[in-house]
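Colleague: Can you keep this structure in mind? I'll have questions shortly.
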Amino acid sequence: MNSLSFRDDRRPDIRQMLAATLGMAAGLAIFFLLERSVTPRYVFATSIDARIPFIAWSWFVYVGFFPFVIALAAYARPPAFAAFKEAVLIAFVLGVVCFLLFPEAVPRPDVADIGNAFVRHRLARMWQLDLAANGFPSLHVAVTCLACRMLADRRRLVTVAVGLLICTSTLTLKQHTVADVLGGVALAMVSALWVERRALRGRLA
Numbered sequence: 353m354n355s356l357s358f359r360d361d362r363r364p365d366i367r368q369m370l371a372a373t374l375g376m377a378a379g380l381a382i383f384f385l386l387e388r389s390v391t392p393r394y395v396f397a398t399s400i401d402a403r404i405p406f407i408a409w410s411w412f413v414y415v416g417f418f419p420f421v422i423a424l425a426a427y428a429r430p431p432a433f434a435a436f437k438e439a440v441l442i443a444f445v446l447g448v449v450c451f452l453l454f455p456e457a458v459p460r461p462d463v464a465d466i467g468n469a470f471v472r473h474r475l476a477r478m479w480q481l482d483l484a485a486n487g488f489p490s491l492h493v494a495v496t497c498l499a500c501r502m503l504a505d506r507r508r509l510v511t512v513a514v515g516l517l518i519c520t521s522t523l524t525l526k527q528h529t530v531a532d533v534l535g536g537v538a539l540a541m542v543s544a545l546w547v548e549r550r551a552l553r554g555r556l557a
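Everything in the sequence shown is counted per the numbering used here, starting at 353 for the first residue and increasing by one.
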């Protein structure tokens, strides 16, 4: 009971919150610059993607990724957060390599067809910054999966449910294709296993 109470009363770690926030901001800046220096040559959209409806309101879920990761980072145990940072760095580097090797063009709908003015303006602004390029693999999905796997040690069912919604929103918002999402999941698995196995070898040494 005491252990459970301690975990429920854990206070947020401001330094971890700041590290997560600054890390994502730096990653976005690098990603946006990379998008503008690479010419898309591939289209990975399939008939499955064509059947997935465009839901403009899923923008709210999509951008919820940022407070989601920051909140998990705030309450994560320091060793878990350190491992998470390492895994995210690995995922980011591998993702950049994939962007350079397989520069993808992501088909997007016309924002003019969105009825709600607030959502239309937010999405138009986001797509001005985030070009329809370099979608494979989805770093949005990769970091979400890593956060769910490595940072959440309580309320895991709720955390995974929110993570699934965020990953799904990348499809319904037409930010990514199914191939991008699967690539993001695979990228997260590779990065997490790499870090976890290296930590295990270190403990056994």
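Glycine is no exception: its CB is placed at the ideal position from the N, C-alpha and C atoms.
In angstroms, rounded to a whole number, what distance separates the CA positions of M353 and S389?
Modeller: The pLDDT assigned to M353 is 41, lower than 50, so where the model puts this residue is not dependable, and the model offers no usable value.
Colleague: Thinking S543 and I400 are a contact (beta carbons under 8 Å), I'd like their distance in whole angstroms, please.
Modeller: Rounded, the Cβ-Cβ distance is 26 Å, inconsistent with contact.
Colleague: Taking T524 as part of the alpha helix (DSSP H), name the residues at either end of that continuous run.
Modeller: Note, T524: alpha helix (DSSP H), 508-524.
Colleague: Compare the beta carbon distance of S490 and D462 with 7 Å and say whether it is the shorter of the two.
Modeller: Not in contact: S490 and D462 (Cβ atoms no closer than 7 Å).
Colleague: Measure from the alpha carbon of K437 to the alpha carbon of each residue in V395, K526, A494, V537, then state which is nearest.
Modeller: Closest option to K437, Cα to Cα, is A494.
Colleague: For A372, which option in L475, L424, R403, F412 has the closest C-alpha, if you only look at C-alpha atoms?
Modeller: The shortest Cα separation from A372 among L475, L424, R403, F412 belongs to L424.
Colleague: Starting from H528 and walking both ways along the alpha helix (DSSP H), at which residues does that stretch end?
Modeller: First-last for H528: undefined, no H or E at that position.
Colleague: Considering only the alpha carbon of each residue, which of G535, L503, H473, A457 lies closest to R393?
Modeller: Comparing Cα positions, the closest option is A457.
Colleague: Look at the alpha carbon of Q527 and the alpha carbon of D465, and state the distance between them as a whole number of angstroms.
Modeller: Straight-line Cα distance between these residues: approximately 16 Å.
Colleague: Cα-Cα, which of C519, E387, A428 is closest to F454?
Modeller: With distances taken between Cα atoms, F454 lies closest to E387.
Colleague: Can you have a look at W411 and say buried or exposed, based on whether 16 or more other CB atoms are within 10 angstroms of its CB?
Modeller: Looking at its Cβ environment, which holds 16 or more other Cβ atoms inside 10 Å, W411 is buried.
Colleague: With A551 and M502 assumed to form a contact (beta carbons below 8 Å), what rounded beta-carbon distance in angstroms separates them?
Modeller: About 11 Å separates the two Cβ atoms, so there is no contact after all.
Colleague: For the alpha helix (DSSP H) that R472 lies in, which residues bound it at each end?
Modeller: Element bounds for R472: 469-481.
Colleague: If you reduce the DSSP assignment to three classes, tell me which class A485 lands in.
Modeller: A485: strand per DSSP, three-state reduction.
Colleague: Taking L525 as the reference, give the member of T496, R553, G536, M478 with the closest Cα.
Modeller: Residue M478 is the option with its Cα nearest to L525.
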